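Chains E and W are the protein sequences, given in the same order.
Residue 366 in the UniProt record's numbering sits at position 366 of the first sequence; the count goes up by one each step and never skips.
Residue 85 in the UniProt record's numbering sits at position 85 of the second sequence; the count goes up by one each step and never skips.
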Amino acid sequence: MANPVKSVLAAGGKHGLSENERRDPIGLAVIALNKLAQSDVLDRLKIRKTSEQTVFRVTSAGFKTASAAGRAFARAGGAGGGKRVPSAKNTGLFDLTPGEDEQMLVDVVTEFATEVVRPAAAEANEACAAPEDLLKASLEIGLPILGVSEELGGIAAERSAVAGVLVHEALSQGDMGLAVASLASGAVATALSLYGSDAQQSTYLPAFAGDEVPAAALVLAEPTALFDPLTPSTQATRSGNGFVLNGEKSGVVRGAEAELFIIGAELDGKPQLFLVESSTPGITVVSDPSMGVRAAGLTRLVLKDVALEDVALFGDAATYREVVQNSRLAWCALAIGTGQAVLDYVTPYVKERSAFGEPIAHRQSVAFMVANIAIELQGMRLLTYKAASRVAQGKDASREIALARRICAERGMGIGNDGVQLLGGHGFVKEHPVERWYRDLRAIGLMEGAVLV
Amino acid sequence: MINLETPKKIRPLIDQAHQVAMNMLRPISRKYDQAEHEYPVELDMLAAMIDGLADSGASEGAGATGVRRDDKPVEAGNKNGANLASVLSIMEMCWGDVGLTLSMPRQGLGNSAIASVANDEQLKKFEGTWAAMAITEPSFGSDSAAITTTAVKDGDEYILNGEKIFVTAGDRADSVVVWATLDKSLGRAAIKSFVVQKGTEGMRVERLEHKLGIRASDTAVIIFDNCRVPAENILGNEEIDVKEGFAGAMATFDNTRPLVAAMAVGCARASLDLTRDVLKNAGIEIDYDKPAYSQSAAAATFLQLEADWEAAYLLTLQSAWMADNRQPNSMEASMAKAKAGRMGSDVTLRCIELAGTLGFSETDLLEKWGRDSKILDIFEGTQQIQQLIVARRILGLSSAELK
Chain E
1 MANPVKSVLA AGGKHGLSEN ERRDPIGLAV IALNKLAQSD VLDRLKIRKT SEQTVFRVTS
61 AGFKTASAAG RAFARAGGAG GGKRVPSAKN TGLFDLTPGE DEQMLVDVVT EFATEVVRPA
121 AAEANEACAA PEDLLKASLE IGLPILGVSE ELGGIAAERS AVAGVLVHEA LSQGDMGLAV
181 ASLASGAVAT ALSLYGSDAQ QSTYLPAFAG DEVPAAALVL AEPTALFDPL TPSTQATRSG
241 NGFVLNGEKS GVVRGAEAEL FIIGAELDGK PQLFLVESST PGITVVSDPS MGVRAAGLTR
301 LVLKDVALED VALFGDAATY REVVQNSRLA WCALAIGTGQ AVLDYVTPYV KERSAFGEPI
361 AHRQSVAFMV ANIAIELQGM RLLTYKAASR VAQGKDASRE IALARRICAE RGMGIGNDGV
421 QLLGGHGFVK EHPVERWYRD LRAIGLMEGA VLV
Chain W
1 MINLETPKKI RPLIDQAHQV AMNMLRPISR KYDQAEHEYP VELDMLAAMI DGLADSGASE
61 GAGATGVRRD DKPVEAGNKN GANLASVLSI MEMCWGDVGL TLSMPRQGLG NSAIASVAND
121 EQLKKFEGTW AAMAITEPSF GSDSAAITTT AVKDGDEYIL NGEKIFVTAG DRADSVVVWA
181 TLDKSLGRAA IKSFVVQKGT EGMRVERLEH KLGIRASDTA VIIFDNCRVP AENILGNEEI
241 DVKEGFAGAM ATFDNTRPLV AAMAVGCARA SLDLTRDVLK NAGIEIDYDK PAYSQSAAAA
301 TFLQLEADWE AAYLLTLQSA WMADNRQPNS MEASMAKAKA GRMGSDVTLR CIELAGTLGF
361 SETDLLEKWG RDSKILDIFE GTQQIQQLIV ARRILGLSSA ELK
């Protein structure tokens, strides 16, 4: 900035105002009135609750707390690589039918999404938090250990990216925010299974396979425009045998509750991941309620001189790239689920809603929007499945994931937009869930991290 | 098990079609774009070669003849058969040239109709024929029920009268599958198709159209003037079954729409492949990991085009795969055709824009693909007709409710 001392006339830099905005005398008068209205002079006689400030409030932006004290993860395991699941086999045949096990899993998760997730969605959106009993129930159906190797206490016999995608899709059909909340720990567990060293797997994975599964978050995003996860601005520097992290991260699921983070930072000019326990000093959690996926309790992390041991370094730069890709793939699956929810909701609606003496579905301008939702949604789904099957088979999927992400961002948001449009004014009010899906679908294409297949 | 890679056993066929497209079609692509209505003699040799390959069993279902659905019991398990092979090879051929692919002897859309609905005797009788398809008339396009061409039974013959337009390969084909009504008052149910062999008295090619694209392909106006056709040349059931209605005739489209979608996919990939090179020469490489908006606008645009292309490609494979596995696919065929049709125009036209005057110029083929692609969003059912079909299916509405 050219002039460090800002004139009172310069309005930009906050409240969504561009730096070009200037106040005139009327504007100054208005701002003075506004300050007066907010001043406690006006409500000094009323009793202000102080207790609410001691509880971490995810519903208000910028509320700060230290990260959770968290459990002590007992160090275990030795040097050397961890256990790995084998790649899925390839029959050489084009096939759109899920395997038997995958279908069973999808059926279970779909029931959970329909019976438990969808009914809880509206309230969780307001509270910016997932209900405890829902999270507990998600453990019972095995969500956190879905991508974890059998050998490590999980249920994956082979690389399970396809099963992961199907589960993300099915859950998101219930609600994207709650899906993210209940899949976040699994993202960290899956990463540990896929890329962790023996020491990292032995130290952290037993907790995820046990009864008291820790909240955990895969943290890649940063609050900057045009953020490229492959060049994070969060810095890791070497210090003795360990590392020190400094920077700010965003898109952190349930940051205040999380006991373990995998955090992306730059080390020696390369992007790297670090395992960070929440009890490590220097981590401030800042609430960051966003447009959508609110039930995931999104937060930021401010990292100030966070000191880590050498065991914290997770994989290498190639691991980092794979995690970025497979996280994007998981977001694609979430987009499909929510897109399907929109299609399933608008279809009966436009047939029941009447205008000018007949159901609006009888009009091509309405019916064609529904047709296009169905067409684009199926395209998104096929791209995502193709990318997932390549990941499962151990093939390079950079191209397929990029294309899936592009189309899910573009067409997924289009589906959310059309969904609200088809309901008209009713789509704009919270009596119907479509406005929430509209907000949730905006996450696609910009979120990094949080979920992983 | 979910797997969307091209089937291993079809890969040799794809490679073969790619070589043919590259070495046979591309070198003569511009020549027949400019010499509209001239017969591409090179294709006869190619057809002979393809016949040879078919005889040797090396190219299962390389063309339109491979789409027949027979009544054989459904085998258990996942099948990758003639429908997938057909769309995949058509994609490669149309990556070479759409107009020339449409002019491939014995690969006409009429062949698809015969393969779809002919009985065994007819199959034998018309084996080896090159059949064009004649549906459209001057007074209607999408509204096939408005057919005015009549077929009147007279002894063991039908007498056809009417005018057909937009008959692809109508001049070069050996025969034409003609749609006509047995009784206009009975509506769609009375519409039947007839195989009329060239040289039949009363049938004449009136003229050839001059077109925006696919100029290598002849598009004919055909007049039927008291044209007598043997009664056994009627395809499908001779009876007028009001309950069955149009279904029999329309079933053809479930087989031909994936093929046209495949044409759009092939044509658009030609544009993408060349544009990727053109951009590279201009210093722009597509990075699949870097966020699109952190790359140049051209790269971001290219990513969007390629994503839409991939969606159309996979929707096309899906509709063919469903046919291979005997699953009803008429909605998916229309989805594929709708997505591929609009993607084809969008991709080929945007690629021209990205390449600038280089793309606009006839010195290369981008401008040609931008013209060729347009018909693919029109024939075998326009974009709007496909949307109508998908909408009716999704919403569970009849054609009387959703007009």
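Note that beta-carbon positions come from the ideal geometry of N, C-alpha and C, so glycine has one too.
Keep in mind that this is a model prediction, so the values were computed, not measured.
{"query": "Mind checking who asparagine 246 (chain E) pairs with in its DSSP beta bridge?", "result": "E:Gln235"}
{"query": "Looking at the C-beta of alanine 307 (chain W), does it have a partner C-beta in chain E at a distance below 8 Å?", "result": "yes"}
{"query": "What first and last residue would you give for the alpha helix (DSSP H) that runs through isoleucine 375 (chain E)?", "result": "364 to 392"}
{"query": "Within 8 Å (strictly less), CB to CB, does glutamate 36 (chain W) reach chain E?", "result": "no"}
{"query": "Just to confirm before moving on: does the CB-CB distance between aspartate 268 (chain E) and serine 294 (chain W) stay below 8 Å?", "result": "no"}
{"query": "What does threonine 97 (chain E) reach in chain W if we use C-beta pairs closer than 8 Å?", "result": "Met1, Ile2, Asn78"}
{"query": "Find the residues of chain E that neighbour isoleucine 14 (chain W), judging by a C-beta separation of less than 9 Å, and give them in chain order.", "result": "Here the premise fails: no neighbours, minimum Cβ distance about 12 Å."}
{"query": "For the alpha helix (DSSP H) containing threonine 357 (chain W), list its first residue and its last residue.", "result": "357 to 360"}
{"query": "Out of curiosity, what's the CA-to-CA distance linking glutamine 340 (chain E) and aspartate 15 (chain W)?", "result": "37 Å"}
{"query": "Buried or exposed: where does methionine 291 (chain E) fall if 16 or more other Cβ atoms within 10 Å of its Cβ makes it buried?", "result": "exposed"}
{"query": "Does any residue of chain E bring its CB to less than 8 Å from the CB of leucine 43 (chain W)?", "result": "no"}
{"query": "Against chain E, which members of the region 390 to 401 of chain W pass a CB distance test of less than 9 Å?", "result": "Val390, Ala391, Arg392, Arg393, Ile394, Leu395, Gly396, Leu397, Glu401"}
{"query": "Is valine 390 (chain W) near methionine 331 (chain W), with beta carbons less than 8 Å apart?", "result": "yes"}
{"query": "Is alanine 312 (chain W) helix, strand or coil when you go by DSSP?", "result": "helix"}
{"query": "Roughly how many angstroms separate the alpha carbons of aspartate 289 (chain W) and lysine 270 (chain E), rounded to a whole number?", "result": "15 Å"}
{"query": "With a threshold of 7 Å on Cβ separation, who are the neighbours of glycine 57 (chain W) within its own chain once the five nearest residues in sequence on each side are excluded?", "result": "Confidence at glycine 57 (chain W) is low in this model, with a pLDDT of 48, below 50, so the placement of that residue should be treated as unreliable; the coordinate-derived value is given next. Answer for glycine 57 (chain W): no residue qualifies."}
{"query": "Quick check on glutamine 19 (chain W): buried or exposed, where buried means 16 or more other Cβ atoms within 10 Å of its Cβ?", "result": "exposed"}
{"query": "I need the DSSP call for glycine 92 (chain E), collapsed to helix, strand or coil.", "result": "coil"}
{"query": "Between the region 362 to 371 of chain E and the region 425 to 435 of chain E, are three or more C-beta pairs nearer than 8 Å?", "result": "no"}
{"query": "Measuring only between beta-carbons, confirm whether glutamine 387 (chain W) sits less than 8 Å from chain E.", "result": "yes"}
{"query": "Just verifying my parser: in three-state terms, what is the DSSP assignment at asparagine 119 (chain W)?", "result": "coil"}
{"query": "Could you check whether the Cβ of alanine 156 (chain E) sits closer than 8 Å to any Cβ belonging to chain W?", "result": "no"}
{"query": "Can valine 370 (chain E) and aspartate 305 (chain E) be called in contact, C-beta distance under 8 Å?", "result": "no"}
{"query": "Comparing the C-beta of tyrosine 349 (chain E) with each C-beta of chain W, is any distance below 8 Å?", "result": "no"}
{"query": "Are the C-beta of valine 370 (chain E) and some C-beta of chain W separated by less than 8 Å?", "result": "yes"}
{"query": "Among W:Lys125, W:Gly96, W:Glu401, which one has its Cα closest to the Cα of leucine 274 (chain W)?", "result": "W:Gly96"}
{"query": "Using a threshold of 8 Å, state whether the C-beta atoms of proline 300 (chain E) and valine 252 (chain E) are closer than that.", "result": "Strictly speaking, residue 300 (chain E) in this sequence is arginine, with proline absent from that position. It is a contact, given that the beta carbons lie within the stated cut-off."}
{"query": "Taking a contact to mean a Cβ-Cβ separation below 8 Å, would you say leucine 315 (chain E) touches aspartate 198 (chain E) in this structure?", "result": "According to the sequence shown, residue 315 (chain E) is glycine rather than leucine. Cβ atoms of glycine 315 (chain E) and aspartate 198 (chain E): not closer than 8 Å."}
{"query": "Who are the Cβ neighbours of threonine 348 (chain W) in its own chain at under 7 Å, not counting the five residues just before and after it?", "result": "Cys267, Ala268, Ser271, Trp369, Gly370, Ser373"}
{"query": "Check whether the Cβ atoms of serine 185 (chain E) and glycine 154 (chain E) lie closer than 8 Å to each other.", "result": "no"}
{"query": "In whole angstroms, give me the CA-to-CA distance for serine 202 (chain E) and isoleucine 145 (chain E).", "result": "15 Å"}
{"query": "Any chance you could list the alpha helix (DSSP H) runs of at least 4 consecutive residues sitting entirely within the region 195 to 223 of chain E, in chain order?", "result": "198 to 209"}
{"query": "Whose Cβ in chain W lies nearer than 7 Å to the Cβ of glutamine 103 (chain E)?", "result": "Under the 7 Å cutoff, chain W gives no residues; its nearest Cβ is about 10 Å from glutamine 103 (chain E)."}
{"query": "Answer with buried or exposed for glutamate 380 (chain W), where buried requires no fewer than 16 other C-beta atoms within 10 angstroms of its C-beta.", "result": "buried"}
{"query": "Kindly indicate if chain E contains any beta-carbon less than 8 Å away from that of proline 328 (chain W).", "result": "no"}
{"query": "Lysine 31 (chain W) CB to nearest chain E CB: under 8 Å?", "result": "no"}
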